[in-house]
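Structure, as structure tokens:
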Amino acid sequence: MELMKKIILSACFLSVIITIADSIKPGEKFTQQLKMIFSLVFITGILSAALKGDFAFDIPAFADLEYSEDYNNVENAADNILKEETESKIDAYIEDILLENEVTFDKISSDVNIDENNSININRIDYKGTEFEQARNIIIENFGDVEVKKIE
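Using my numbering, the first residue of the sequence shown is number 2, and each one after it goes up by one.
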């Protein structure tokens, strides 16, 4: 606990000093160099506070499995939001392409997967309208080998 107090006090003190020094600098000419120097001073100050005490890292008791389900729910919700946002952007892009080519549609929707590497794979594009073949050809021309399905 004492170590944490030292680190926090050092960080606060160094932040105030760096902010004051940054506000009285002569001009913008040396901004990048000053930022690097301030960063080094900040890191050195924090490390010296940590190294002067007994630095031991313990996993807190509250980090038990008690909250892991909540974190998984948040992660799943974020993944779902990302997927929905990606699908809506792809839908809007396809709609723009079809409108540019004067192909009518009632509805466009896509189904995507986002893998661990954040790669986006388009599984299927659903088309509702009267010009399915034209729309299918334009979509395949722009997206490659993707399943285009006519929906009613």
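Quick reminder that beta carbons are idealized off the backbone N, C-alpha and C, glycines included.
Given the structure is predicted, the values throughout are model-derived calculations rather than measurements.
The beta strand (DSSP E) that contains residue i, what's its start and end?
| i | result |
| --- | --- |
| residue 114 | 108-115 |
| residue 150 | 148-151 |
In three-state DSSP terms, what is residue i?
| i | result |
| --- | --- |
| residue 129 | strand |
| residue 25 | coil |
| residue 124 | strand |
| residue 119 | coil |
| residue 74 | helix |
| residue 42 | helix |
| residue 30 | coil |
Please determine, among the options, the residue with the shortest C-alpha to C-alpha distance to residue i.
| i | options | result |
| --- | --- | --- |
| residue 107 | 9, 42, 130 and 85 | 130 |
| residue 142 | 102, 116, 10 and 153 | 102 |
| residue 111 | 132, 105, 140 and 119 | 140 |
What is the rounded straight-line gap between the Cα of residue i and the Cα of residue j?
| i | j | result |
| --- | --- | --- |
| residue 149 | residue 135 | 11 Å |
| residue 151 | residue 127 | 6 Å |
| residue 91 | residue 121 | 11 Å |
| residue 137 | residue 96 | 12 Å |
| residue 12 | residue 118 | 35 Å |
| residue 116 | residue 133 | 30 Å |
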